[in-house]
Amino acid sequence: MYDIATDDDTFTNDSKSSMITWDSLYNEINSLGCSSEISMLEITSIIDKYKNIANNEYSDDYDDDNYNYDDDNYNYDNYDQDSSDWISPDNLESPEVDDDKENDEIVDETLLPEKFRGKKWIIKKILGEGSFFRVSQAYADGILLAIRKRHFGDYQNVYSVCCHREIEKEYRACKRHVIDVLSKIGYHDNIATFFGFRRIGFRWEMFVEYAGGGDLFDEIMRYIANRKRIPDEVVISRFRDLINAVAYLHKRKIAHLDIKVENCLLTKWGSLKLSDFDCAIIFNDNTKVSPRQLGTKAYSPPQRFYTSIKPECADIWSCGIILFSLLAYRLPWIGAYCEDPSYLEWYKYINGKYIDGLNSTFPFEFPKNTNSKFLDLLEQLLDPNEGRRIRMEDIVDISWLQIETYHKSFEIDEDQQSNKLLIDESNIFETLRNLKIS
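Position 219 of the sequence shown, counting from 1, maps to 219 under UniProt numbering, and the rest follow consecutively.
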């Protein structure tokens, strides 16, 4: 869960920002009039195949700062599992805020476990930033974790940025999300543990397990930069961990709704942990979600673009996009709608196979000798028809996903740590087009 920092740790603020991205709060996304952020792999696909479309219709909010991987001085052994490490669903309500009190003086830690309350958290480095949030690696009393801070810009002019009523409305919505969804997730080996939530003035903070190995996007880009193919064992390990996490959530009737490579964190010892539950919901057998409730477009099923969606089916589709990214080092399309030529080709291929009985050529190119079992599963995960799409209980029963092997994040040399891509960023997409993966 949270990590123990050793006495040898020194804390500086000069480390470069990581490329780990955390989506802004769902309400923030709505306030921007945009239902999702566009991931870096999506941008790769846009530049690679739809450059004109990308220039006219899409934008990239991704932070391209280099990641500092030099965390080897930390002891990442976990504490013994203790239910007090995260918030309890009992007695979650916090005191009502006194409207006459200055907002900057409000401190509400009732949604934090007691062992985290009243501590002075020391920030070692910034993991990710956005217009209204910052994710930091934080330390206090031997505990190392990640804190995601949501704020409203310049505190001196906060009322000119967003009125008091709107701030309070968003705070109540975020707090309700914590109580209704996040507090019910609990603990799983492949989920970044949510510890709690607090408010300090015009800022509220989420306390989350820190993963020291970057994210899945980082790993894919390191394989590309080093011109190495992702071994089948690594693909199986990463995908198995993801499926274990999603199956656990679905068993508890929780849908993630924003599964993407940036939200798949990696630990130093080689396991994957699903993170960022801003879009997550509690569902039942009859639940349908609207398009605005889903995350990134490129990871969303085709139903997003014309009807309501079964949340569990949306997560399964997103897992299929993750598997495709591990095999092809890119995303298959901008969005699963027929105006996208890549998706249209896929749609015709799947329908031709299942409806017309055609035996067409697989419509995407993968590195040489890609295992056919991965391609067979892709066809079932990315079936446009929700009724035909493979179910979670069938995925977990796949024999080759039962292999309990773990693979550490891809190792890089010391001289590569300051430049994770080893590719000129101005030419990255041209390089990806021409790169040969052995």
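We put the CB at the ideal spot given by N, CA and C, even for glycine.
Positions of the beta strand (DSSP E) runs, each at least 3 residues long and wholly inside the stretch 176–212, are given as 194–200, 203–208 in order along the chain. For the options K149, E166, H188, V208, the alpha carbon positioned closest to that of P113 is the one of V208. Going by beta carbons, I236 and A255 fall outside the 7 Å limit. When I403, P311, W400, I355 are compared, the shortest CA-CA separation from R391 is found for P311.
Taking C-beta separations shorter than 7 Å and ignoring five residues to either side along the sequence, the partners of L344 in its chain run C338, following chain order. In this model, L127 and G212 are separated by some 10 Å (Cα to Cα).
Our two residues, N369 and F362, have alpha carbons roughly 14 Å apart in a direct line. Beta-bridge partners assigned by DSSP to A173: none are found. In the DSSP assignment, the residues bridged to S136 are I126, I147.
In this structure, the beta-carbon distance from L144 to Y210 falls below 7 Å.
Secondary structure of C264 (DSSP, three-state): strand. Annotated as proximal: L182 and F277, with beta-carbon spacing under 7 Å.
DSSP, reduced to helix, strand and coil, places V289 within a strand of the structure shown. For E393, the enclosing alpha helix (DSSP H) covers residues 392–395. Cα atoms of E166 and T287: separation of roughly 29 Å, rounded to the nearest angstrom.
Between L323 and L381, the beta carbon gap of about 7 Å places them in contact (Cβ cut-off 8 Å).
For D141, no beta strand (DSSP E) segment is defined, and its DSSP state is neither H nor E.
In terms of CA proximity to R238, I191 leads the group I191, K253, R388, R176.
Judged by DSSP secondary structure, E109 falls within the beta strand (DSSP E) whose first and last residues are 107–111. At the C-beta level, I243 and I395 come within 7 Å of one another. Taken atom to atom, the span from the alpha-carbon of D218 to that of K297 is near 20 Å. The beta carbons of G320 and L378 sit about 6 Å from each other, so the pair counts as a contact at 8 Å.
The residue among F366, S318, G335 with its C-alpha nearest the C-alpha of I259 is S318.
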